[in-house]
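As they're listed, the protein sequences go chains P, S, Y and B. Per full-length UniProt numbering, residue 1 is the first one in the first sequence, and the count goes up by one each step. Per full-length UniProt numbering, residue 1 is the first one in the second sequence, and the count goes up by one each step. Per full-length UniProt numbering, residue 1 is the first one in the third sequence, and the count goes up by one each step. Per full-length UniProt numbering, residue 1 is the first one in the fourth sequence, and the count goes up by one each step. One structure below.
There are 4 protein chains.
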Amino acid sequence: MAMVCLSDFEAYAKKYLPKIAWDYFAAGADDCTTRDENILAYKRIRFRPRMLRDVSVMDIRTKILGSEISFPVGIAPTGFHQLAWPDGEKSTARAARAMNTCYIASTYSTCTLEEMAAAAPGGLRWFQLYIHRNRAASRRLVCRAEASGFQGLVLTADLPYTGKRRDDVRNGFRLPPHMKVKNLEGAFEVCKMSPLDPSVTWNDIYWLRSLTRLPIIIKGILTREDAELAVKHGVQGIIVSNHGGRQLDEGPATIDALVEVVEAVRGRVEVYVDGGIRKGSDVLKALALGAKCVFIGRPALWGLAYKGEEGLQDVLRILQDEFRLSMALAGCASVSEIGQHLVQSSKL
Amino acid sequence: MAMVCLSDFEAYAKKYLPKIAWDYFAAGADDCTTRDENILAYKRIRFRPRMLRDVSVMDIRTKILGSEISFPVGIAPTGFHQLAWPDGEKSTARAARAMNTCYIASTYSTCTLEEMAAAAPGGLRWFQLYIHRNRAASRRLVCRAEASGFQGLVLTADLPYTGKRRDDVRNGFRLPPHMKVKNLEGAFEVCKMSPLDPSVTWNDIYWLRSLTRLPIIIKGILTREDAELAVKHGVQGIIVSNHGGRQLDEGPATIDALVEVVEAVRGRVEVYVDGGIRKGSDVLKALALGAKCVFIGRPALWGLAYKGEEGLQDVLRILQDEFRLSMALAGCASVSEIGQHLVQSSKL
Amino acid sequence: MAMVCLSDFEAYAKKYLPKIAWDYFAAGADDCTTRDENILAYKRIRFRPRMLRDVSVMDIRTKILGSEISFPVGIAPTGFHQLAWPDGEKSTARAARAMNTCYIASTYSTCTLEEMAAAAPGGLRWFQLYIHRNRAASRRLVCRAEASGFQGLVLTADLPYTGKRRDDVRNGFRLPPHMKVKNLEGAFEVCKMSPLDPSVTWNDIYWLRSLTRLPIIIKGILTREDAELAVKHGVQGIIVSNHGGRQLDEGPATIDALVEVVEAVRGRVEVYVDGGIRKGSDVLKALALGAKCVFIGRPALWGLAYKGEEGLQDVLRILQDEFRLSMALAGCASVSEIGQHLVQSSKL
Amino acid sequence: MAMVCLSDFEAYAKKYLPKIAWDYFAAGADDCTTRDENILAYKRIRFRPRMLRDVSVMDIRTKILGSEISFPVGIAPTGFHQLAWPDGEKSTARAARAMNTCYIASTYSTCTLEEMAAAAPGGLRWFQLYIHRNRAASRRLVCRAEASGFQGLVLTADLPYTGKRRDDVRNGFRLPPHMKVKNLEGAFEVCKMSPLDPSVTWNDIYWLRSLTRLPIIIKGILTREDAELAVKHGVQGIIVSNHGGRQLDEGPATIDALVEVVEAVRGRVEVYVDGGIRKGSDVLKALALGAKCVFIGRPALWGLAYKGEEGLQDVLRILQDEFRLSMALAGCASVSEIGQHLVQSSKL
């Protein structure tokens with residue numbers, strides 16, 4: 001079977017992953033409306049392509065927080081990569097480095113962040129964290145991330161409690177015994193009461209700020225009000241995200257929320273988006289609407305499930321080729337030429 | 001089979017209830033457009049969730065007409081509960097009391113209101129009534145309700161005649177011989193000409209007022225004009241309802257009508273809504289749009305059909321957990337923090 | 001099988017009519033978009049029902065051009081009733097008289113207009129005509145209609161040529177040899193070149209006016225411009241119609257066009273509508289949007305196909321009951337209380 | 001099987017063509033959204049038909065760049081006609097001449113342009129070209145076209161690179177060995193690196209202008225900005241086109257883009273449209289929205305696949321009959337009477 005587009009990897013993963021793992025990765029909250037809307041919302045946006053521009057030399061590189069990446073697609077934080085491929089997050093780290101892009105490693109990884117760093121030295125990586133009831137545990141994670149060369153901290157803001165994913169409840173989802181949430185080993189028992197602190201507020205960003213010199217990126221913002229608060233509390237970046245539709249169902253699609261957030265931020269910090277990216281032209285739409293970069297979640301897992309590091313590179317390469325082609329067909333030779341004029345949307 | 005969400009109870013009831021009973025409970029008028037719209041209209045409303053608010057202590061209690069309930073979901077009046085479970089409305093009354101919420105008992109119950117009161121003493125109950133051609137019969141019901149400790153009277157306004165429910169006509173629906181509309185025994189023969197009085201007008205509320213000191217809640221209002229009349233005629237509450245889509249087909253979905261009614265009422269009386277509630281987040285949407293409380297109809301019957309009192313508690317507990325979770329994920333720690341800012345809707 | 005709603009008659013007719021006859025009656029032009037839109041457009045209109053009005057005495061009678069009918073539903077002109085029932089238009093005439101409503105007999109009937117008059121003396125009937133190349137033939141029809149007691153002339157304006165109905169082309173539709181377009185026998189050969197005159201213009205209404213004292217109703221108007229011209233040329237009534245979606249595909253649904261026409265006419269002549277009526281509540285919507293009366297086409301044929309005169313009466317009786325019930329549930333006790341306030345529509 | 005409408009030819013071609021050829025002709029870029037939108041967008045436009053106009057004498061002729069054609073439908077440039085019929089573009093040329101309309105021959109023909117000219121001397125033909133890296137090759141094509149009597153040059157602007165058509169990638173599409181891109185034989189090897197020049201800009205139109213006295217028509221314009229540039233650079237005509245949805249997916253449907261382009265052009269040059277034409281009434285809509293003429297792509301190939309020259313004539317004749325009929329039913333006796341007043345559209 002030829003792997004031509006990302007759906008091919010999805011079909012492969014659905015066929016070959018254990019049902020419980022597939023269901024976990026695919027899960028959305030409640031009716032999965034937001035999970036699916038993330039994708040559908042892209043389809044409602046139309047390009048306004050321009051013709052007869054010199055697109056013979058294409059430059060698709062960009063920078064995020066000062067670091068150059070080969071194209072504006074990074075890897076979003078998702079948990080438990082060993083469910084998809086034996087080497088887990090080590091493969092993910094290697095693929096991201098090979099493709100010269102950014103990998104946001106999840107707290108809920110099945111490798112330690114030191115193992116990822118060792119697997120792909122020199123790769124651009126950010127570390128995603130939650131704030132735990134046990135603040136000392138969170139502080140240790142921050143220190144370890146900084147010490148291991150991670151270059152950004154991504155604070156997830158949309159998970160005071162875990163969303164209700166019906167299939168996981170039905171399946172009684174839990175990690176197989178031979179896998180561990182290694183970053184947290186010793187800190188507390190993961191499978192009991194949630195270690196995450198639902199009392200976290202904006203002021204905790206100041207606390208986080210006091211722990212590290214790494215830039216702080218906040219993930220999970222969906223409204224202009226929160227975007228304004230994020231800027232005011234001094235974050236360096238915002239990831240517009242609804243956690244892949246896994247938390248509050250029937251919130252906005254991320255590409256729709258992006259417009260509102262970008263407008264509120266007015267260029268003061270970088271804005272990224274995840275959720276629903278399935279084609280290179282989706283990336284182009286997100287950038288046209290103001291994102292500096294997008295991050296892919298499930299498609300990265302499909303790539304891992306297909307062939308580990310190599311499969312994930314395949315996924316990224318396809319997105320890269322599609323993104324370059326859609327840019328050219330829309331009349332843009334470099335990322336700096338992408339702008340809102342390229343799209344029309346019922347939201348604009 | 002795990003009972004994870006309300007649809008699981010629906011599937012159970014459809015499978016195990018006699019077809020004629022399932023059809024009766026499921027029936028909508030004519031093409032069932034409004035019945036289905038009640039549900040679809042919720043799906044068109046999007047949340048605007050807020051992040052990083054302290055949601056460690058959740059308070060989901062509310063008050064209706066001064067009485068505290070454990071969360072803003074009560075049980076709407078529906079008829080013939082013995083069709084779902086042998087103990088009928090006695091089970092319903094017990095489940096409502098166990099969950100500390102309000103049960104609106106229907107005139108068309110298969111237990112008397114005294115039996116319900118005896119089954120669950122101290123529970124918060126309102127009594128639903130129609131105004132009959134035989135006014136003496138209506139007056140007797142009002143007195144019995146007041147004497148039995150019911151704390152509110154719910155006047156149904158949308159049934160001068162019964163809607164055309166095609167399946168009931170095809171099935172020749174009628175109660176099995178061993179069940180009775182017990183509240184009306186002796187008053188008149190139910191199966192002949194409708195005992196309901198289609199000449200009722202707003203002035204009859206004054207007559208009802210003269211019979212009782214109980215608060216009067218009017219059920220079936222769908223327009224701003226009628227909401228204004230309801231307030232003017234001195235009711236204490238309004239239930240925005242289209243009778244579960246069983247009366248006039250192709251009227252508005254109740255969640256859409258709620259916006260108009262709330263706007264007209266301007267806080268002068270409490271406004272509630274029923275129809276289409278299937279998830280905890282639907283409750284959150286209704287409250288965000290101004291409802292003080294919602295009432296569930298068919299889901300309560302599915303719970304009864306599953307396991308009687310216990311099954312109905314399961315349904316309520318799931319709604320409660322989902323409501324609490326969706327509140328937290330939207331950034332609200334107590335019901336008082338819920339407001340219109342939480343939703344965006346094409347109707348707003 | 002119980003005949004509960006009009007769809008039951010449709011299903012019956014589809015099952016028992018010869019395919020070529022069913023296809024002919026069901027046919028729409030081209031992709032059948034307008035035929036289907038006629039129905040769908042009704043579903044997009046929502047009622048705003050009013051409560052607690054005295055609807056104990058219902059009066060559903062109305063008048064069209066001064067003649068009282070039992071309820072505002074007449075029978076639209078359709079051809080070849082013998083394809084549905086052996087007695088053809090004689091049965092139709094008898095059913096219309098029995099139900100005390102108006103029957104518009106088609107030029108393309110399989111009985112003569114004299115036979116219809118004889119079959120149901122005293123019934124309210126209008127005669128539908130085209131203007132033929134052979135004006136003498138048209139004049140003779142007008143005289144015969146007037147002489148036979150028909151009380152209105154309905155000029156069809158939307159058929160300069162016959163629409164392209166793909167199934168009729170595929171089936172090679174033509175009348176079986178034992179049926180005849182009896183009204184035209186002797187006038188010209190029907191199966192050759194179309195006898196209809198595509199050069200007809202508004203001025204021909206003056207010619208028609210000169211032939212008869214009967215009121216002239218023009219059928220097939222869909223725009224405000226043509227409505228204005230119709231009034232200006234002195235017609236007594238307008239039927240908003242797209243010929244059941246059988247002529248120009250992808251014109252407007254008739255209920256949508258009605259709004260525009262009613263607005264243009266400003267009460268100077270009566271406005272009727274046909275196309276897409278399938279339930280009593282559709283009639284209520286049409287009246288709320290300004291129609292004086294509606295006419296049914298295909299449903300009348302389904303009734304004939306079911307049981308001739310008796311089946312058509314069944315159809316009319318169901319519509320009558322449904323119309324009365326929907327009026328009551330919307331809070332109207334008589335036709336004069338129906339108004340635009342009863343509906344909300346994206347068109348308004 | 002009767003060939004009644006264009007879908008019949010589509011069904012035939014899908015059934016009888018080799019899968020690889022069918023897939024190539026049917027292909028759209030990526031998810032095929034734009035390919036399908038081209039058709040769906042027509043269905044969203046509604047006519048406002050006018051009645052009682054004299055349509056006894058119909059004149060459907062029009063002129064494009066001064067040349068009269070029998071009706072406003074020409075043949076869009078598509079490649080590799082031998083995949084559909086052994087005689088390839090020679091048959092196409094003959095059919096176009098027989099129907100007295102315009103044929104735009106593709107650079108990627110499987111016959112030379114001289115062969116086409118010889119096959120149908122005197123026919124109205126335009127030649128479609130790309131600008132090649134090898135400018136001499138392009139210049140030679142221009143000269144040959146002019147010398148062979150082609151009367152217009154159509155510069156395709158939307159293919160700096162070829163769109164991603166998944167099925168072609170999966171099928172490994174390439175021409176069978178016995179077919180050749182004959183126009184380019186000797187110029188360069190087609191199957192290697194794309195010979196097309198992605199550095200082409202608007203200034204190259206001046207270069208093209210310097211090579212020939214033929215009118216230049218630019219194909220692939222979708223925005224008002226590019227329409228303005230086209231006029232400014234002196235083209236004689238614009239074809240609003242998205243390459244049948246085969247280049248950038250999720251750009252606008254052509255009939256939607258037409259409105260914007262026509263508005264920008266303000267009559268300074270002729271505007272045409274291709275993509276999604278499937279019925280005569282689609283032609284009428286395009287003309288009502290300002291197109292001077294439409295061009296059909298895939299339907300022409302289906303006609304060829306059915307019966308070569310004869311099959312294509314069948315397709316054109318059906319479109320012609322449908323167009324004439326829809327004009328008459330909308331109340332227009334000649335093309336000059338067609339205008340924006342005939343349609344209503346959410347875009348207007």
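Positions of the beta carbon are idealized from the N, C-alpha and C atoms, including for glycine. Nothing here was measured: the structure is a model prediction, and the numbers come from that model.
- Secondary structure of D30/S (DSSP, three-state): coil.
- Here the alpha carbons of E337/B and M58/B stand approximately 11 Å from one another.
- Under the DSSP assignment, D274/P falls in the beta strand (DSSP E) whose first and last residues are 270 to 274.
- E322/S and L6/S have their alpha carbons spaced roughly 11 Å apart.
- Around the CB of P252/P, 16 or more other CB atoms lie within 10 Å, so the residue is classed as buried.
- Under the 8 Å Cβ criterion, the region 20 to 28 of chain P does not count as touching the region 231 to 238 of chain P, having fewer than three qualifying pairs.
- Contact annotation: in the region 267 to 285 of chain B, no residue has its CB less than 7 Å from a CB in chain P.
- As a beta-bridge residue in DSSP terms, I218/S pairs with L155/S, I238/S.
- For G311/Y, the enclosing alpha helix (DSSP H) covers residues 298 to 330.
- By the neighbour-count definition (other C-beta atoms within 10 Å, threshold 16), W207/S is an exposed residue.
- Boundaries of the beta strand (DSSP E) around E68/B: 67 to 69.
- Of the other Cβ atoms in all chains shown, fewer than 16 fall within 10 Å of the Cβ of L40/S; this residue is therefore exposed.
- When Cβ pairs closer than 8 Å are counted between the two stretches, the region 283 to 295 of chain S is seen not to touch the region 80 to 92 of chain Y, the count staying below three.
- By the Cβ criterion, the region 40 to 50 of chain S is in contact with the region 251 to 266 of chain P, since at least three pairs of Cβ atoms, one from each stretch, lie closer than 8 Å.
- The beta strand (DSSP E) runs of length 3 or more contained entirely in the region 25 to 110 of chain B are, from start to end of the chain, 62 to 64, 67 to 69, 73 to 75, 103 to 105.
- Residues of the region 285 to 316 of chain P that bring their beta carbon within less than 9 Å of a beta carbon in chain B comprise K285, in sequence order.
- Shown here, H243/B sits in a helix according to DSSP, grouped into three states.
- With fewer than 16 neighbouring CB atoms inside 10 Å of its own CB, P121/P falls in the exposed class.
- With respect to Y108/Y, D282/Y sits apart: the two C-beta atoms are not nearer than 8 Å.
- Counting other Cβ atoms within 10 Å of its Cβ, Y272/S reaches 16 or more and is therefore classed as buried.
- Taking R246/B as reference, the option from A11/B, D31/B, I20/B, A13/B with the minimal CA-CA separation is D31/B.
- Counting along the chain, W126/P sits inside the beta strand (DSSP E) bounded by residues 125 to 129.
- Membership of R139/B in the alpha helix (DSSP H) is indicated by the continuous run 135 to 147.
- Contact note: V4/P reaches chain B through R166, V169, R170, using a C-beta cutoff of 7 Å and chain order.
- L65/S is positioned such that its CB atom lies no closer than 8 Å to that of E225/S.
- Taking the beta carbon of D23/S as reference, no residue of chain P falls within 9 Å; the closest one sits roughly 25 Å away.
- Pairing P160/S with A328/Y gives a Cβ-Cβ distance under 8 Å.
- Listed by position along chain B, the residues whose Cβ is nearer than 7 Å to that of M51/P are A157, D158, G220, I221, D226.
- For E263/Y, the closest Cβ of chain B is not nearer than 8 Å.
- Judged by their CB atoms, G244/S and R298/S are nearer to each other than the 8 Å cut-off.
- Under the 8 Å criterion on CB atoms, E322/P is classed as interfacial with respect to chain B.
- Sixteen is the threshold: when 16 or more other Cβ atoms of the shown chains lie within 10 Å of the Cβ of A333/Y, as they do, the residue is buried.
- Interface residue (Cβ-Cβ distance to chain P less than 8 Å): V235/B is not classified as such.
- In this structure, I277/P is the residue among H341/P, I277/P, G311/P with its C-alpha nearest to the C-alpha of P72/P.
- Distances from the alpha-carbon of E10/S to those of Q320/S, A145/S, D314/S, I60/S put D314/S closest.
- Using a CB distance cut-off of 8 Å, V259/B does not count as an interface residue toward chain Y.
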